[in-house]
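**Student:** With this note's numbering applied, the sequence shown covers 1319 to 1585.
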Amino acid sequence: MAVRKTYKLFIGGAFPRSESGRTYVVNDNNVALASRKDLRDAVVAARKAFPGWSGATAYNRGQVVYRIAEMAEARRKEFKSLGVPSDEVDAAIDRLVWYAGWSDKIAQVLGGANPVAGPYLNISSPEPTGVVGVLAPADSALLGLVSVVAPAIVTGNTVVVLAAEAHPLVAVTFAEALATSDVPGGVVNLLTGRPAETAPWLASHADVNALDLAGAATDLARDLEIAAAGTLKRVLRPAPADWHADPGLTRLTAFLETKTVWHPKGV
């Protein structure tokens, strides 16, 4: 008998079932249906991983993201068997490599020494925001997912991702690539199920610092923005996207904050 694959959640580097025991069916596969408790566990894991991940060198984070690309390359046939077109698999791998290359360069673009009138040095540098909640796009199972996760983590943030309800198989397979790469546990946490059910708790969670609403429908996005306002989260609103186009720096800069340091000259 063939051994059927079980599609679970990805929290803290492990693959637990939903604490609720619930599942839903996608293409004849049972997939974990995440609960509010699962989401809280994912946020705890992301917060625990943040100090170590944000404190790693930018070069090291780039190496880790490049390793994700290598692991995704090794799973090319599996992604294709799940219905992901060949050109999208290629583009997703290239996108990971592209973001990996930006890891130790984005600070040079966004930071710098500021001219000041006085015997001081004034230096600005970008730093990660913290824990970012991400709603994965529903219109691009793999490339869209990579395009919202990679820029957040390569800049030092940790993420809690709500996979698109219709594409959990691809999302969990990508999580398996993460688990076999060098990504520390908790840097990426992925929940499958119904984002409309779990996203409000993500938006209102006090230990989540920002939201990327790429995969949120208009009405849900509005409600999530209102919920996020209660804890002053940074919110990247959903917008029509061609995921195959040049991504630019929008998502790299969306979850960075500028820290400015003053230092007297001659000391």
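A virtual CB, placed ideally from N, CA and C, is assigned to each residue, including glycine.
Pick helix, strand or coil for Asp1500, following the three-state DSSP scheme.
**Tutor:** The residue given as residue 1500 occupies position 182 in the sequence shown. It is coil, neither helix nor strand.
**Student:** Please list, in chain order, all residues of the same chain as Thr1519 whose beta carbon is under 6 angstroms from its beta carbon, the five residues on each side excluded.
**Tutor:** What you label residue 1519 is simply residue 201 of the sequence shown in a count that begins at 1. Position check: residue 1519 holds Trp in this sequence, whereas Thr was assumed. Here the set comprises Arg1354 and Leu1357.
**Student:** Spell out the partners DSSP gives Gly1430 in its beta bridges.
**Tutor:** Numbered from 1 along the sequence shown, position 112 holds the residue referred to as residue 1430. Its beta-bridge partners are Ser1442.
**Student:** Rounded to the nearest angstrom, what separates Asn1345 and Arg1394 at their Cα positions?
**Tutor:** Indexing the sequence shown from 1 puts residue 1345 at position 27. Indexing the sequence shown from 1 puts residue 1394 at position 76. For Asn1345 and Arg1394, the distance between alpha carbons rounds to 20 angstroms.
**Student:** Measure the CB-CB distance between Thr1491 and Leu1400 and report whether it falls below 8 angstroms.
**Tutor:** Walking along the sequence shown from the start, residue 1491 turns up at place 173. Walking along the sequence shown from the start, residue 1400 turns up at place 82. Yes, Cβ-Cβ distance for Thr1491 and Leu1400 is below 8 angstroms.
**Student:** Spell out the partners DSSP gives Asn1507 in its beta bridges.
**Tutor:** Within the sequence shown, numbered from 1, the residue matching residue 1507 stands at position 189. Answer is Val1478, bridged to Asn1507.
**Student:** I think Glu1406 touches Leu1460, with their Cβ atoms under 8 angstroms apart; what is that distance to the nearest whole Å?
**Tutor:** For the purposes of this step, residue 1406 is taken as residue 88 along the sequence shown, with counting starting at 1. For the purposes of this step, residue 1460 is taken as residue 142 along the sequence shown, with counting starting at 1. Right, their Cβ atoms sit about 6 angstroms apart.
**Student:** My output table needs one value for Gly1666: the three-state DSSP class, helix, strand or coil.
**Tutor:** No answer is possible for residue 1666: it lies beyond the span of the chain, which begins at 1319 and ends at 1585.
**Student:** Can you pull the DSSP bridge partners for Val1579?
**Tutor:** The residue you call residue 1579 lines up with position 261 of the sequence shown. Partner(s): Ile1441.
**Student:** Between which residues of its own chain and Thr1341 is the CB-CB distance below 7 angstroms, once the five residues before and five after are set aside?
**Tutor:** Residue 1341 sits at position 23 when you count from the first residue of the sequence shown. These residues qualify, in order along the chain: Asn1348, Val1349, Ala1350 and Leu1351.
**Student:** Would you give the residue range spanned by the beta strand (DSSP E) that Gly1451 belongs to?
**Tutor:** Counting from 1 along the sequence shown, the entry for residue 1451 is found at position 133. Segment Val1449 to Leu1453, the beta strand (DSSP E) holding Gly1451.
**Student:** Taking the alpha carbon of Phe1573 as the point to measure from, which residue in Val1361, Gly1474 and His1485 has its own alpha carbon closest?
**Tutor:** Sequence index remark: in the sequence shown, residue 1573 carries index 255 (1-based). When only C-alpha atoms are compared, the closest one is Gly1474.
**Student:** Between the Cα of Thr1568 and the Cα atoms of Val1553, His1581 and Val1506, which residue gives the shortest distance?
**Tutor:** Position 250 of the sequence shown, counted from the start, is the residue given in the question as residue 1568. Measuring from the Cα of Thr1568, the nearest candidate turns out to be Val1553.
**Student:** Return the chain-ordered ranges of every beta strand (DSSP E) run that is complete within the segment 1520-1577 and spans a minimum of 3 residues.
**Tutor:** With a minimum length of 3 residues, the continuous beta strand (DSSP E) runs that stay inside the segment 1520-1577 are 1528-1530 and 1552-1554.
**Student:** Specify whether the segment 1525-1535 and the segment 1446-1453 touch according to this definition: at least 3 beta carbon pairs, one from each stretch, less than 8 angstroms apart.
**Tutor:** Counting Cβ pairs under 8 angstroms, three or more are found: they touch.
**Student:** Under the DSSP definition of a beta bridge, which residues are partnered with Thr1341?
**Tutor:** Here residue 1341 refers to the residue found at position 23 of the sequence shown. Bridge partners of Thr1341: Ala1350.
**Student:** If you compare alpha carbons, which of Phe1333, Lys1323 and Arg1322 is closest to Leu1508?
**Tutor:** The residue you call residue 1508 lines up with position 190 of the sequence shown. Residue Phe1333 is the option with its Cα nearest to Leu1508.
**Student:** What residue range is occupied by the uninterrupted alpha helix (DSSP H) comprising Tyr1384?
**Tutor:** Counted from its first residue, the sequence shown places residue 1384 at position 66. Segment Ala1376 to Ala1392, the alpha helix (DSSP H) holding Tyr1384.
**Student:** Please tell me whether Gly1504 and Gly1330 are closer than 8 angstroms, where the distance is taken between their beta carbons.
**Tutor:** Numbered from its first residue, the sequence shown carries residue 1504 at position 186. Numbered from its first residue, the sequence shown carries residue 1330 at position 12. Result yes, Cβ atoms of Gly1504 and Gly1330 sit closer than 8 angstroms.
**Student:** Inspect the beta-carbon positions of Ser1443 and Ala1376 and report whether they are closer than 8 angstroms.
**Tutor:** In the sequence shown, the residue the question calls residue 1443 occupies position 125. In the sequence shown, the residue the question calls residue 1376 occupies position 58. It is not a contact, given that the beta carbons lie outside the stated cut-off.
**Student:** Do you know offhand how far Glu1515's Cα is from Pro1369's?
**Tutor:** To locate residue 1515, count along the sequence shown from 1; it is residue 197. To locate residue 1369, count along the sequence shown from 1; it is residue 51. Going by the C-alpha atoms only, they are around 29 angstroms apart.
**Student:** What separation, rounded to the nearest whole angstrom, lies between the Cα atoms of Pro1433 and Ala1425?
**Tutor:** For the purposes of this step, residue 1433 is identified with residue 115 of the sequence shown, where counting begins at 1. For the purposes of this step, residue 1425 is identified with residue 107 of the sequence shown, where counting begins at 1. Whole-angstrom Cα-Cα distance: 18 angstroms.
**Student:** Looking at C-alpha atoms only, which residue of Pro1403, Phe1328 and Trp1371 is the closest neighbour of His1562?
**Tutor:** Your numbering for residue 1562 matches position 244 in the sequence shown. Nearest of Pro1403, Phe1328 and Trp1371 to His1562, Cα basis: Pro1403.
**Student:** Taking C-alpha atoms, which residue in Leu1439, Thr1536 and Arg1385 lies nearest to Gly1584?
**Tutor:** Against the sequence shown, residue 1584 aligns to sequence position 266. Comparing Cα-Cα distances from Gly1584 to each of Leu1439, Thr1536 and Arg1385, the minimum goes to Leu1439.
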